[in-house]
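Residue numbers for the sequence shown follow the working numbering, so the first one is 479 and each next one is one higher. Beta carbons are placed, not taken as given, at the ideal position from N, Cα and C, and that holds for glycine. Structure, as structure tokens:
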Amino acid sequence: GFSGIGIGEHRERHRVDRRQRQMCIRDRCGCGLYDVIAMEEVDQFNSFFEPILNMLGYQGLFVPKPHSPCVMSGWFSDGCALFWKSSVLELVNEGRYSYQQGNQVYLILTMRHLETGKIMIFAVTHLKAGKGVDKEVLR
């Protein structure tokens with residue numbers, strides 16, 4: 479994920495240099511191949527992802543998890559985001575949602591393709607991680 483932190487005993491083992499991770503993501507998204515980019519584990523939408531991707535011709539929306547464990551660890555709330563090339567697609571409708579159980583979120587966007595006028599629906603979600611029947615039920 480993009481959050482760059484681990485929780486509990488796995489914290490140090492899973493820590494990756496945040497700046498290095500961000501530059502890799504910027505380079506991958508900025509290559510110009512994608513009309514739509516869907517992301518989960520996004521924790522710096524306003525301070526990193528949105529400004530960088532805006533400069534590359536994308537617009538985006540974000541939905542944070544309502545009770546993110548990242549906040550309890552001193553970080554930004556993580557969630558999911560969807561970006562689109564504004565020269566290719568225009569936003570028609572948006573929906574930002576939280577699941578009734580758990581702490582997970584999803585985003586559904588209705589978009590119009592500018593060249594063809596066709597309407598398309600895109601969705602991204604941030605499902606519960608982990609193994610076990612309880613996690614599987616939430617997914």
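With a threshold of 16 other CB atoms inside 10 Å of the CB of residue i, please say whether the residue is buried or exposed.
i      : result
Cys502 : exposed
Ser565 : exposed
Ser546 : buried
Tyr536 : buried
Ile515 : buried
Pop quiz: residue i and residue j are said to be a contact at Cβ under 8 angstroms. What is the actual Cβ separation, rounded to whole angstroms?
i      : j      : result
His604 : Glu528 : Their Cβ separation, rounded to whole angstroms, is 17 angstroms, which puts His604 and Glu528 out of contact at 8 angstroms.
Cys507 : Leu531 : 6 angstroms
Going by alpha carbons, who is nearest to residue i out of the options?
i      : options                           : result
Gly573 : Ser551, Pro542 and Gly580         : Pro542
Phe526 : Thr588, Ala559 and Phe600         : Ala559
Asn581 : Cys507, Gly535 and Asp556         : Asp556
Asn524 : Leu539, Val514, Ala516 and Leu534 : Leu539
Leu534 : Leu587, Ala516 and Tyr512         : Tyr512
Asp521 : Ala601, Tyr575 and Phe554         : Phe554
Between the C-alpha atoms of residue i and residue j, what's the straight-line distance to the nearest angstrom?
i      : j      : result
Glu568 : His591 : 7 angstroms
Phe561 : Ser551 : 27 angstroms
Arg499 : Asn571 : 31 angstroms
Val583 : Pro544 : 8 angstroms
Phe600 : Tyr577 : 17 angstroms
Lys596 : Tyr575 : 25 angstroms
Thr594 : Thr588 : 15 angstroms
Lys609 : Val602 : 21 angstroms
Ile586 : Lys563 : 16 angstroms
Gln579 : Met598 : 28 angstroms
Asp505 : Arg497 : 12 angstroms
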